[in-house]
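What follows is a short report on a single structure.
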Amino acid sequence: MINALKSSKGLEISKEIYRIAMPITVSSAVDVLVQVLNTLFVGYFPDPDALYIISLYLPLSFLLVSISEAFQISIQVSVARRASADDAKTSVKSSVTSWFLMSIAASVFIAVLVSFTISGLINFFHVNPAVRQTFVLFVKGMAWTAALVQINLLISSIMRGYGRVRFAMLLNLAYAVTNIAAVFIFGFVVKSDVFSLVYANLATSSVFIIIGLIALVRLGLASRPLRHQIINRETLVTLLRIGIPVALSYLLIFLSTSVFTRIVVPFGHDAVAGFGVSYRIQTFVMLPALSFGYALGILVNQWVGRKEFERAYRGVVYGIRNVYLLYLVLASALYVLIRPLTDVSTSSGHVATYIYDYLHIVTPSYVLMGATLTSLMLLEQLNRGFVALMMNAIYFLGIGSIGWVLTTQYHQLNLFFWTIAGANVFGISAVFVARRICKRILLSTTAPSVKS
């Protein structure tokens with residue numbers, strides 16, 4: 009009887025997790041699919057250096073994502089907790105202006121920082137002199153349009169945190185289709201080459217900011233900017249406790265991918281391009297795990313807001329268990345599809361060789377990587393971001409240092425790929441650490457440590 013009851017509760021909680029996770033997965037998949045398809049488009053642009061340029065830009069994209077993710081997760085957690093209040097709409101509305109202004113200020117700061125430090129990055133990556141000017145203009149364009157992209161992402165986060173997950177998914181889907189179409193038009197019709205991505209982001213984001221703000225107003229979740237306090241204490245506290253550790257984690261990814269790219273540079277332009285494409289494919293593979301982490305974070309924070317701490321812990325257990333099963337299927341399917349996926353990724357046979365080698369070596373380790381990512385995402389949304397940051401630091405430092413030594417000593421790039429696969433297997437230890445922490449903070453009498 010007890011086992012049957014537990015099984016029934018587990019099924020009920022799993023359904024609730026999937027109800028939130030699936031739309032987020034679709035929405036996130038669409039975001040990354042935009043990047044993957046745009047990368048494929050770039051591979052067929054007339055400019056032969058276009059793919060090389062965006063592969064060098066990959067580490068810098070994580071610097072921009074650090075701000076994006078910090079604010080997305082912070083506002084999602086804040087709204088999810090406010091959504092359980094009696095005056096939910098008024099509570100959410102009072103914080104929206106503050107989140108928007110702080111995120112825009114942070115995005116502008118990063119754009120200025122990138123603009124002034126780009127010359128140092130060129131030297132670090134040993135950028136081909138023939139494309140340096142194009143690379144500089146492209147990076148600056150992407151950095152400055154990131155502020156507009158950021159506003160769209162915040163609107164989606166508000167929707168998800170408030171429970172309008174499907175609406176956020178449809179908004180993201182429409183944005184993605186428009187952005188892909190814009191890149192295609194600017195790239196193949198207007199012949200803007202690599203700058204097609206900049207123009208597409210500028211045009212698409214401008215249109216969907218208007219659509220998103222109208223949607224927030226109609227839902228009663230936004231008001232005139234000066235009607236509420238511009239910067240309030242709660243948003244700052246949430247950003248410091250949740251957003252800053254998330255931002256630091258992505259800054260760590262920025263530094264590590266910069267080192268990873270630098271490790272690949274001595275093997276030639278084709279190797280850099282192949283590694284860039286492979287890493288974008290890996291980003292797509294990471295999506296379901298990150299989406300489950302988002303979903304668990306939303307549900308756990310809602311349960312905590314209602315003081316259902318035991319249910320919150322069961323959600324953690326069942327959520328991670330579902331991710332294990334999902335990635336067993338996903339990694340197996342990807343391994344079977346490596347060759348056709350490689351063939352459609354680029355028209356260059358030399359670049360395709362590096363893509364195939366990377367996926368052939370690293371893909372089996374994805375079976376374990378999913379649960380690790382979900383666990384880290386959950387910790388970041390339970391005020392344990394610095395713990396996740398430390399585990400990320402160990403992971404990336406291990407890959408960077410071991411990979412550098414092996415490739416320098418033996419001059420074989422595949423050894424670097426094997427290092428990444430090994431680190432993914434080692435990373436499963438984070439799951440056990442995360443579950444232990446969740447058990448301690450969620451099954452205490454009052455669970456005060458998860459409150460903002």
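Mapping of the sequence shown onto my numbering: residues 9 to 460, in sequence order.
All C-beta atoms in this analysis are idealised placements derived from N, C-alpha and C, irrespective of residue type, glycine included.
As the structure is a prediction and not an experimental result, all values here were calculated from the model.
| Item | Value |
| --- | --- |
| To the nearest angstrom, how far is it from the Cα of Leu298 to the Cα of Thr380? | 10 Å |
| Compute the Euclidean distance between the alpha carbons of Thr427 and Ile407, then round it to the nearest angstrom. | 6 Å |
| For the pair the segment 117 to 132 and the segment 275 to 287, tell me if three or more CB-CB distances fall below 8 Å. | no |
| Give me the residue from Val206, Phe292, Pro348 and Phe143 with the minimum Cα distance to Gly149. | Val206 |
| According to the neighbour-count rule (16 or more other Cβ atoms, all chains shown, within 10 Å of its Cβ), is Asn131 buried or exposed? | exposed |
| If we require 3 or more residues per run, which beta strand (DSSP E) segments fall completely within the segment 38 to 80? | none |
| Counting beta carbon pairs with one atom in the segment 331 to 339 and one in the segment 253 to 267, are three or more of them shorter than 8 Å? | no |
| Starting from the C-beta of Ala401, find all residues in its chain whose C-beta is less than 7 Å away, skip the five residues before and the five after it, and write them out in chain order. | Leu260 |
| Within the same chain, show all residues whose beta-carbon is closer than 6 Å to that of Arg322, passing over the 5 residues directly before and after it, in chain order. | Ile21 |
| Examine the Cβ distances between the segment 344 to 353 and the segment 261 to 273 and report whether three or more of them are shorter than 8 Å. | no |
| I'd like the list of long-range same chain contacts for Thr153, defined as Cβ closer than 8 Å, with 5 residues on each side in sequence excluded. | Val206, Asn209, Leu210 and Ser213 |
| Confirm, please, whether the CB-CB distance from Ile126 to Val144 is below 8 Å. | yes |
| Mind pulling the alpha helix (DSSP H) runs of 4 or more residues that sit fully within the segment 193 to 254? | 204 to 226 and 241 to 246 |
| How many whole angstroms separate the CB atoms of Val273 and His134, which I take to be in contact at a CB cut-off of 8 Å? | 6 Å |
| Determine the closest residue to Gly378 out of Gly327, Tyr366, Ile346 and Ala360, with distance taken between C-alpha atoms. | Gly327 |
| In the structure shown, what three-state DSSP assignment does Val325 receive? | helix |
| Helix, strand or coil for Arg168? Go by DSSP, reduced to three states. | helix |
| Give the secondary structure of Asn309 by DSSP, where H, G and I count as helix, E and B as strand, and everything else as coil. | helix |
| Take the Cβ of Tyr302 as the centre, count every other Cβ of all protein chains shown within 10 Å, and call the residue buried at 16 or more, exposed below. | buried |
| Of all the options Val359, Gly128 and Val337, which has the alpha carbon lying nearest to the alpha carbon of Val375? | Val337 |
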